[in-house]
Structures are given as structure tokens and as C-alpha cells.
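Numbering (full-length UniProt numbering), first residue to last: 1 to 155. This report refers to the structure that appears directly beneath it.
Take a look at the structure:
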């Protein structure tokens, strides 16, 4: 049984109201060691079909996630190759790619979807995350959740 993934990127449009484009159904085709502490994963369209229309090119930063659950972690990576039927994406060896199956139990159940996404994104970063927004949008609440998660995960 195939495990399905999706690839999200900042160009294009996946659904109405989304600021991201995406390729919704990919299967993991291969994995190999890359340069500079990276691991390269190759994803292909289901049944060897061509990838649906997209604007992804080599060097783009994308996010990969596992499909099939309500809460997903998005793992950032860099596209190293694209052809008509597959994408190669380099992820840091220390990335949380195996964590795509790890779901976060939020301490603050009142976080909205944007705050939850910001927490998940922050937890995947090696060094720093900047959370910005207008006054009163929940930045402090989001940062508190990030700290609680990091302490719990001992990051």
C-alpha cells in the first residue's frame, strides 16, 4: 500500500482562497544520500502518470506533508530536480521528515489554524523562525505554544 504525500509551494493556486499551490497526491519513489548533510527524496505521481500542471522549478523551497490525517507537519525542502513525472527534494538530515507521521498535541486548544501552522513550521526549523502580524492576532500566544512544544520535545 502506497503512502501518499503532497507538495506545497508558494506559486500558483491549489484551491480557492489558498495562497499556496500544491501537487496533491505523490508517492515516495526513492531516497538517497545527498551533499552537505542532505537526503534527497524522489516523489512521483501516482501510477507513473505525469505530474499535474505546476510552476515548481529547481531551487524552489517547498513543503512536504503526509496525507490522511487532520493535523499535518509540513517539512521544508529544496527542489533539486523536476521532470514530467517526478520531483526530487533535498531535506536536511536533521529535518523532521520522519515526523510527517508525528502529530502535535497542542497545549492551547484555542489556537486557530494559522497559529497551529506557525507552531508546526517553527518546530521544523533548525535555527530561527520569525512570527509576524498585526497587533492582536495571537503572536504571543503562538510563541508560548512554540516554547511549550520545544521544551516538551527538548529542542
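From the three backbone atoms N, C-alpha and C, an ideal C-beta is built for every residue, glycine too.
- Residue 136 and residue 129 have their alpha carbons spaced roughly 19 Å apart.
- In the DSSP assignment, residue 124 falls outside any beta strand (DSSP E) and lies within the alpha helix (DSSP H) extending over 113 to 124.
- The alpha-carbon of residue 134 is positioned some 15 Å away from that of residue 112.
- The criterion of a C-beta distance shorter than 9 Å is not satisfied by residue 115 and residue 104.
- Taking all protein chains shown into account, residue 89 has 16 or more neighbouring C-beta atoms within 10 Å of its C-beta and is therefore buried.
- In the three-state reduction of the DSSP assignment, residue 34 falls in the coil class, being assigned neither a helical nor a strand state.
- Judged by their CB atoms, residue 57 and residue 79 are nearer to each other than the 9 Å cut-off.
- Under DSSP, residue 42 forms a beta bridge with 30 and 88.
- Taking C-beta separations shorter than 6 Å and ignoring five residues to either side along the sequence, the partners of residue 41 in its chain run 31 and 89, following chain order.
- Contact check for residue 118 against residue 140 fails: the beta carbons are separated by 9 Å or more.
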